[in-house]
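Respectively, the protein sequence lines represent chains U and C.
To convert, note that position 221 of the first sequence is 377 in my numbering; the numbers rise steadily by one, no gaps.
To convert, note that position 526 of the second sequence is 667 in my numbering; the numbers rise steadily by one, no gaps.
Shown next, in structure tokens, is the structure this report addresses.
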Amino acid sequence: MIGGLFIYNHKGEVLISRVYRDDIGRNAVDAFRVNVIHARQQVRSPVTNIARTSFFHVKRSNIWLAAVTKQNVNAAMVFEFLYKMCDVMAAYFGKISEENIKNNFVLIYERLDEILDFGYPQNSETGALKTFITQQGIKSQTKEEQSQITSQVTGQIGWRREGIKYRRNELFLDVLESVNLLMSPQGQVLSAHVSGRVVMKSYLSGMPECKFGMNDKIVIEKQGKGTADETSKSGKQSIAIDDCTFHQCVRLSKFDSERSISFIPPDGEFELMRYRTTKDIILPFRVIPLVREVGRTKLEVKVVIKSNFKPSLLAQKIEVRIPTPLNTSGVQVICMKGKAKYKASENAIVWKIKRMAGMKESQISAEIELLPTNDKKKWARPPISMNFEVPFAPSGLKVRYLKVFEPKLNYSDHDVIKWVRYIGRSGIYETRC
Amino acid sequence: MPYLGSEDVVKELKKALCNPHIQADRLRYRNVIQRVIRYMTQGLDMSGVFMEMVKASATVDIVQKKLVYLYMCTYAPLKPDLALLAINTLCKDCSDPNPMVRGLALRSMCSLRMPGVQEYIQQPILNGLRDKASYVRRVAVLGCAKMHNLHGDSEVDGALVNELYSLLRDQDPIVVVNCLRSLEEILKQEGGIVINKPIAHHLLNRMSKLDQWGQAEVLNFLLRYQPRSEEELFDILNLLDSFLKSGSPGVVMGATKLFLILAKKFPHVQTDVLVRVKGPLLAACSSESRELCFVALCHVRQILHSLPGHFSSHYKKFFCSYSEPHYIKLQKVEVLCELVNDENVQQVLEELRGYCTDVSADFAQAAIFAIGGIARTYTDQCVQILTELLGLRQEHITTVVVQTFRDLVWLCPQCTEAVCQALPGCEENIQDSEGKQALIWLLGVHGERIPNAPYVLEDFVENVKSETFPAVKMELLTALMRLFLSRPAECQDMLGRLLYYCIEEEKDMAVRDRGLFYYRLLLVGIDEVKRILCSPKSDPTLGLLEDPAERPVNSWASDFNTLVPVYGKSRWATISKCQGAERCGPELPKTPSFTASGPLIPEENKERVQELPDSGALMLVPNLQLTADYFEKTWLSLKVAHQQVLPWQGEFHPDTLQMALQVVNIQTIAMSRAGARPWKAYLSAQDDTGCLFLTELLLTSENSEMQISVKQNETRTETLNSFISVLETVIGTIEEIKS
Chain U
157 MIGGLFIYNH
167 KGEVLISRVY
177 RDDIGRNAVD
187 AFRVNVIHAR
197 QQVRSPVTNI
207 ARTSFFHVKR
217 SNIWLAAVTK
227 QNVNAAMVFE
237 FLYKMCDVMA
247 AYFGKISEEN
257 IKNNFVLIYE
267 RLDEILDFGY
277 PQNSETGALK
287 TFITQQGIKS
297 QTKEEQSQIT
307 SQVTGQIGWR
317 REGIKYRRNE
327 LFLDVLESVN
337 LLMSPQGQVL
347 SAHVSGRVVM
357 KSYLSGMPEC
367 KFGMNDKIVI
377 EKQGKGTADE
387 TSKSGKQSIA
397 IDDCTFHQCV
407 RLSKFDSERS
417 ISFIPPDGEF
427 ELMRYRTTKD
437 IILPFRVIPL
447 VREVGRTKLE
457 VKVVIKSNFK
467 PSLLAQKIEV
477 RIPTPLNTSG
487 VQVICMKGKA
497 KYKASENAIV
507 WKIKRMAGMK
517 ESQISAEIEL
527 LPTNDKKKWA
537 RPPISMNFEV
547 PFAPSGLKVR
557 YLKVFEPKLN
567 YSDHDVIKWV
577 RYIGRSGIYE
587 TRC
Chain C
142 MPYLGSEDVV
152 KELKKALCNP
162 HIQADRLRYR
172 NVIQRVIRYM
182 TQGLDMSGVF
192 MEMVKASATV
202 DIVQKKLVYL
212 YMCTYAPLKP
222 DLALLAINTL
232 CKDCSDPNPM
242 VRGLALRSMC
252 SLRMPGVQEY
262 IQQPILNGLR
272 DKASYVRRVA
282 VLGCAKMHNL
292 HGDSEVDGAL
302 VNELYSLLRD
312 QDPIVVVNCL
322 RSLEEILKQE
332 GGIVINKPIA
342 HHLLNRMSKL
352 DQWGQAEVLN
362 FLLRYQPRSE
372 EELFDILNLL
382 DSFLKSGSPG
392 VVMGATKLFL
402 ILAKKFPHVQ
412 TDVLVRVKGP
422 LLAACSSESR
432 ELCFVALCHV
442 RQILHSLPGH
452 FSSHYKKFFC
462 SYSEPHYIKL
472 QKVEVLCELV
482 NDENVQQVLE
492 ELRGYCTDVS
502 ADFAQAAIFA
512 IGGIARTYTD
522 QCVQILTELL
532 GLRQEHITTV
542 VVQTFRDLVW
552 LCPQCTEAVC
562 QALPGCEENI
572 QDSEGKQALI
582 WLLGVHGERI
592 PNAPYVLEDF
602 VENVKSETFP
612 AVKMELLTAL
622 MRLFLSRPAE
632 CQDMLGRLLY
642 YCIEEEKDMA
652 VRDRGLFYYR
662 LLLVGIDEVK
672 RILCSPKSDP
682 TLGLLEDPAE
692 RPVNSWASDF
702 NTLVPVYGKS
712 RWATISKCQG
722 AERCGPELPK
732 TPSFTASGPL
742 IPEENKERVQ
752 ELPDSGALML
762 VPNLQLTADY
772 FEKTWLSLKV
782 AHQQVLPWQG
792 EFHPDTLQMA
802 LQVVNIQTIA
812 MSRAGARPWK
822 AYLSAQDDTG
832 CLFLTELLLT
842 SENSEMQISV
852 KQNETRTETL
862 NSFISVLETV
872 IGTIEEIKS
């Protein structure tokens with residue numbers, strides 16, 4: 157149970173404060189500001205106990221969201237709730253920034269009122285909430301709208317209301333992955349994993365029944381029993397998913413028994429599933445660092461990056477960040493492709509390449525001049541990190557089908573326009589040097 | 142600005158709210174109201190415009206209504222008389238055709254938090270419970286809890302509770318969950334809502350229809366249900382199986398806890414469950430949501446306490462990445478330290494060694510301590526790494542390494558040789574108190590193996606005048622005494638100097654006393670010094686005592702998925718201890734006031750005693766004089782009015798009990814001596830109306846329970862109940878002191 161919710165800007169000014177329970181006083185707002193936001197040392201824990209009150213905080217850009225309680229609550233649940241809050245806010249006004257919060261302040265109070273009552277989470281589905289929240293004042297609602305609310309609030313399925321109609325039935329599937337890597341200087345993979353999400357945006361009429369299929373190893377093997385040679389002929393790659401979780405609309409019993417994913421989707425955008433793989437990851441880039449210390453005042457750095465995917469694909473927004481020692485006095489950089497700059501404020505050489513095709517190689521070399529210091533401290537050599545975006549799924553996941561059935565309305569699977577897109581981004585992609 | 146000129150702002154807003162032109166223009170009117178709320182958020186006292194805001198609530202504009210209601214809920218306790226004016230509008234809204242308006246009005250009305258509002262909200266709530274829109278029912282159900290909270294001491298309304306129990310069968314899932322929450326709050330004094338078999342099965346069947354918050358909540362409530370048979374137990378587990386793989390980590394954790402608790406008699410099921418949640422937990426540990434990752438790591442540590450090998454094959458998942466926040470890195474290091482085994486020790490140590498040179502001194506030190514922890518099992522490798530770290534000659538590293546060495550030689554004497562070889566030269570790089578103490582201790586205890594030990598200590602003696610930490614001086618005294626025993630020739634002179642300084646010039650009394658003590662000890666003779674100072678140099682058994690392995694799962698199952706693993710057990714104990722004292726007060730409103738508090742009751746309990754409200758009807762008369770004869774006669778003539786059994790463990794002092802009873806004006810007539818079995822005591826008390834309470838306490842040898850029988854000369858259940866609760870409190874307190 158949550159006693160109160162506060163939102164602060166980076167200076168610690170309160171933007172939103174909503175108290176739900178009597179045991180949380182006004183001084184709680186200040187306690188958090190003084191002890192956490194204005195604290196000198198770095199944040200020690202996302203859960204802070206001040207005067208027997210627990211503060212759970214989440215930071216989004218420079219905005220602090222804090223949930224306060226005096227009870228012994230489930231920490232995971234509170235954080236999930238805060239994430240949900242952020243999602244809901246983002247769904248209404250985009251990025252969570254001080255300006256946006258100030259401009260939508262009425263809306264946020266409305267939301268807080270609906271989403272929590274007496275400190276207990278209530279309905280939090282964005283789609284369902286939209287019926288309750290009125291950003292513009294409404295004089296009196298039409299009959300139809302009123303009955304909509306009633307059907308929504310009495311409906312059996314909490315995430316979808318009845319009577320949705322679209323002229324064009326369309327759906328969009330995004331496979332969004334973030335690939336994480338930690339590599340040793342010798343090029344040995346210390347740890348790598350892909351955490352992915354399948355996000356679906358659906359504009360479908362009625363109560364459609366959907367079925368989603370992908371190249372999950374277990375399913376392929378199951379089906380492959382009969383037509384083993386066929387699958388091997390087509391050379392379909394299957395992937396091993398370590399674990400996956402679904403939106404609550406997916407019937408888990410069916411997934412457990414047949415491993416088929418069937419569901420009635422909420423209207424609009426939602427996250428169908430979340431998964432994680434650790435085997436056979438396609439690492440889109442390889443970073444080969446070479447650091448040589450020439451005397452005490454000079455450092456030579458050479459970094460080669462190799463792209464490791466089909467030549468027809470293009471990676472975008474590539475950024476390599478090479479850390480430099482604190483006592484750097486000057487840097488000369490030569491790179492074959494893109495632009496590289498030494499940023500003294502960040503203690504790093506930032507090398508940016510707009511686009512790069514697969515199976516290519518590029519190189520940067522830099523000479524770093526150091527100021528002689530008597531500091532005995534050795535430079536810790538932080539890892540070289542990388543950012544990029546590639547148009548495929550590094551885990552190898554492929555969407556095989558997404559079928560739509562709506563028995564009551566007369567449209568079939570063929571009439572639905574479907575779009576599928578794969579985006580692989582870098583998570584924490586680091587190579588030690 | 143707003144913090145200073147609040148009066149002007151209020152005046153200006155008041156004028157604006159009263160302005161008929163603004164009132165006519167809806168948008169402008171709403172803007173002014175928004176400004177009021179904005180100032181309210183910033184902490185400005187806006188209660189001055191309450192009247193105007195109440196007027197603004199009579200509108201068809203829902204947004205405006207919401208804002209005004211928000212305002213009223215904040216300031217109603219300050220202006221109860223004015224808030225009553227708003228009730229009329231609210232009541233009208235409660236019967237609006239639009240369910241949204243009805244719900245909003247009801248919710249706001251219940252949140253007004255001012256005395257006297259109950260009589261107005263009771264009827265709307267009852268109507269709300271039967272509303273056809275589930276949105277209103279949700280609000281009304283929680284409204285019941287709010288109403289009860291407003292009136293802390295009011296009797297539980299039986300009809301209302303029954304109505305809520307029946308609403309557990311409502312078709313809307315959120316109404317069902319809200320009912321559980323509401324009943325829990327209303328019945329708090331009776332120990333919360335009772336989950337019997339039909340309710341439990343009903344909830345289990347509805348689980349899949351609930352949203353994640355509901356599921357987590359219901360899982361929590363199901364913890365109370367005790368299945369009748371093994372068959373039923375496994376049916377429940379099968380039914381809930383899919384929730385171990387839920388998309389929401391909170392639900393997964395909740396389900397795990399339920400499994401662990403329900404299967405507390407089946408260790409293999411528990412282990413199996415922990416194996417199955419490994420995947421989801423690991424996923425949470427490597428998720429991008431940092432805070433969730435932190436919570437998951439805390440729970441991983443908890444599991445590792447009982448099953449040290451549980452995550453060993455996944456050790457790479459716990460390697461820190463450069464850009465992770467500090468708190469995650471610290472947790473990961475702890476985890477790594479605990480999951481180490483023969484196969485991965487090489488890689489883990491390699492990784493930890495990398496962290497030791499991290500830019501963040503905090504993190505580096507945590508890594509070194511972690512290596513120290515691993516060293517208890519894999520001594521040689523770790524000592525080698527630690528020795529190499531000394532070569533870096535950096536203050537913050539050296540001091541921690543030396544501290545680690547100190548702990549290590551105490552637990553693992555076999556590494557003493559290696560440590561002694563590594564020590565020379567460290568003294569140049571230690572500046573802080575902790576590090577110095579550790580180094581001096583090592584030099585004192587193992588000085589005979591370190592060739593230059595006397596010379597290092599001599600430096601310290603030389604600079605003792607400028608030494609700022611008294612603890613270092615104390616350590617130095619002891620160390621030098623010890624070294625003097627093994628290498629007298631080299632130490633005698635400087636020991637003399639040090640003692641002279643400590644006794645004659647030192648300002649700190651503790652150091653001076655220690656110096657005097659050693660001086661007199663030396664006067665007694667060298668054999669006596671040896672007897673006192675030559676204590677054992679190591680104690681490997683201490684390590685075994687601390688060994689975390691083989692702690693049963695059941696010992697922490699009830700703490701799983703609460704704040705306990707997040708804060709750590711000891712820290713939570715201190716937090717909840719204070720909280721307990723705070724909470725217990727208002728929770729026992731039926732207990733009468735105590736007229737005196739004895740010196741016997743410890744601090745924490747005393748607080749509780751004083752915090753008890755004066756609402757009780759029972760007043761016990763002090764200094765009641767009753768002869769044993771009279772007692773016996775009355776006792777035999779009366780029937781037992783109440784009989785009860787309280788849990789009781791082990792031995793105690795009858796005197797303590799007697800004193801404690803005296804504090805609350807209950808006299809002891811007779812009592813068996815301590816340790817006797819069966820043990821009996823007879824007590825008497827009288828309240829201000831002259832009603833006598835005679836009590837027998839009986840403790841039999843075989844069972845661990847105390848039986849209480851109370852007799853009363855006038856039959857009045859009300860005062861009897863109060864008397865019994867007093868007695869329970871006293872016995873409970875004694876029980877607490879004991880444990």
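The beta-carbon is built from N, C-alpha and C at its ideal position, and this holds for glycine as well.
Inset, instruction - Just list the alpha helix (DSSP H) runs in the region 233-281 of chain C, keeping only unbroken ones of 4 residues or longer that don't cross its boundaries, in chain order. - result: 240-251, 259-270
Inset, instruction - Measure the alpha-carbon distance for Lys-240/U versus Ser-280/U and round it to whole angstroms. - result: 7 Å
Inset, instruction - Measure the Cβ-Cβ separation of Ser-173/U and Gly-159/U and say whether it is below 9 Å. - result: The beta carbons of Ser-173/U and Gly-159/U sit no closer together than 9 Å.
Inset, instruction - Determine the direct distance from the alpha carbon of Tyr-641/C to that of His-451/C, and round the result to whole angstroms. - result: Cα to Cα, the separation comes out at about 58 Å.
Inset, instruction - Please name the residue in Leu-324/C, Pro-681/C, Phe-375/C whose C-alpha comes closest to that of Ala-404/C. - result: Phe-375/C
Inset, instruction - Using beta-carbon positions only, say whether Ala-425/C and Leu-415/C come within less than 9 Å of one another. - result: no
Legend entry - Where the beta strand (DSSP E) containing Cys-366/U begins and where it ends: 365-370 is the span of the beta strand (DSSP E), which, as asked, contains Cys-366/U.
Legend entry - Minimum C-alpha distance to Leu-839/C - residue among Leu-321/C, Ser-813/C, Ala-217/C: Answer by Cα proximity: Ser-813/C.
Legend entry - Within chain C, partners of Tyr-265/U - CB distance below 8 Å: Ile-178, Lys-207, Leu-208, Leu-211
Inset, instruction - Would you mind reading off the limits of the beta strand (DSSP E) that contains Lys-215/U? - result: 209-216 is the span of the beta strand (DSSP E), which, as asked, contains Lys-215/U.
Inset, instruction - Answer with buried or exposed for Lys-577/C, where buried requires no fewer than 16 other C-beta atoms within 10 angstroms of its C-beta. - result: buried
Legend entry - Per-residue contacts from Asn-230/U into chain C (C-beta, under 8 Å): The answer, in chain order, is Ala-357, Asn-361, Gly-391, Met-394, Gly-395, Asn-702, Thr-703.
Inset, instruction - Drop a sphere of 10 angstroms on the beta-carbon of Ile-573/U, count the other beta-carbons inside from all chains shown, and report buried for 16 or more, exposed for fewer. - result: Exposed is the label assigned to Ile-573/U, since fewer than 16 other Cβ atoms lie within 10 Å of its Cβ.
Legend entry - Rounded distance between the beta-carbons of Leu-704/C and Glu-231/U, thought under 8 Å: Note that residue 231/U corresponds to Ala in the displayed sequence, not to Glu. Sure, about 6 Å apart at Cβ, within 8 Å.
Inset, instruction - Would you please state the rounded distance, in angstroms, between the beta carbons of Ala-505/C and His-537/C? I believe it to be under 8 Å. - result: 7 Å
Legend entry - Candidates Val-150/C, Gly-333/C, Glu-558/C: closest to Tyr-306/C by CA position: Answer by Cα proximity: Gly-333/C.
Legend entry - Contacts that Ala-281/C makes with chain U (C-beta to C-beta distance below 8 Å): By Cβ distance, chain U contributes nothing, its closest Cβ being about 11 Å from Ala-281/C, past 8 Å.
Legend entry - Amino acids of chain U, ordered along the chain, whose beta-carbon sits closer than 9 Å to that of Tyr-708/C: Ser-201, Val-203, Asn-205, Ser-210
Inset, instruction - Just grab the DSSP bridge partners of Met-339/U for me. - result: Val-345/U, Thr-587/U
Legend entry - Near-chain U residues of the region 433-444 of chain C - C-beta to any C-beta below 7 Å: Within the region 433-444 of chain C, Leu-433, Phe-435, Val-436 place their CB atoms closer than 7 Å to a CB of chain U, listed in sequence order.
Inset, instruction - Could you confirm whether any beta carbon from chain U is found closer than 9 Å to the beta carbon of Asp-352/C? - result: True, the Cβ-Cβ gap to chain U drops below 9 Å.
Legend entry - Three or more C-beta pairs below 8 Å linking the region 539-557 of chain U and the region 579-586 of chain U: yes
Inset, instruction - Starting from the beta carbon of Ser-347/U, find every residue of chain C whose beta carbon is closer than 8 Å, and list them in chain order. - result: Lys-457, Lys-458, Phe-460
Inset, instruction - Label Pro-693/C either buried or exposed according to how many other C-beta atoms from any shown protein chain fall within 10 Å of its C-beta, with 16 as the threshold for buried. - result: exposed
Inset, instruction - Compare the Cα-Cα distances from Gln-183/C to each of Asp-186/U, Arg-477/U, Ile-271/U and report the closest residue. - result: Asp-186/U
Inset, instruction - Would you kindly report the start and end of the unbroken alpha helix (DSSP H) that includes Glu-153/C? - result: 147-159
Inset, instruction - State the Cα-Cα distance for the pair Leu-527/U and Asn-503/U, rounded to the nearest angstrom. - result: Cα-Cα distance, rounded: 14 Å.
Legend entry - Ser-389/C versus Pro-265/C: straight-line alpha-carbon distance, rounded: 36 Å
Inset, instruction - Go ahead and label Ser-845/C buried or exposed: buried means 16 or more other beta carbons lie within 10 angstroms of its beta carbon, across all protein chains shown. - result: Exposed, since its Cβ has fewer than 16 Cβ neighbours within 10 Å.
Inset, instruction - Tell me, please, whether the region 149-156 of chain C touches the region 553-571 of chain U by the rule of three or more beta-carbon pairs shorter than 8 Å. - result: Segment contact: the region 149-156 of chain C against the region 553-571 of chain U, fewer than three CB-CB distances shorter than 8 Å; contact not assigned.
Legend entry - Unbroken stretches of the alpha helix (DSSP H), 4 residues or longer, contained in the region 290-322 of chain C: 299-308
Inset, instruction - Report yes if the C-beta of Leu-381/C is less than 8 Å from at least one heavy atom of the ligand HEM; otherwise report no. - result: The ligand HEM is not part of this structure, which contains no ligands at all.
Inset, instruction - Starting from the C-beta of Val-555/U, find all residues in its chain whose C-beta is less than 7 Å away, skip the five residues before and the five after it, and write them out in chain order. - result: Leu-329, Val-331, Met-370, Val-576
Inset, instruction - Pull up the distance between the alpha-carbon of Leu-272/U and that of Lys-499/U, whole angstroms please. - result: Those two C-alpha atoms are separated by around 45 Å.
Inset, instruction - Taking 9 Å as the cut-off, decide whether the C-beta atoms of Ala-559/C and Val-597/C are in contact. - result: no
Legend entry - Nearest-angstrom Cα separation, counted from Asn-336/U out to Met-429/U: 19 Å
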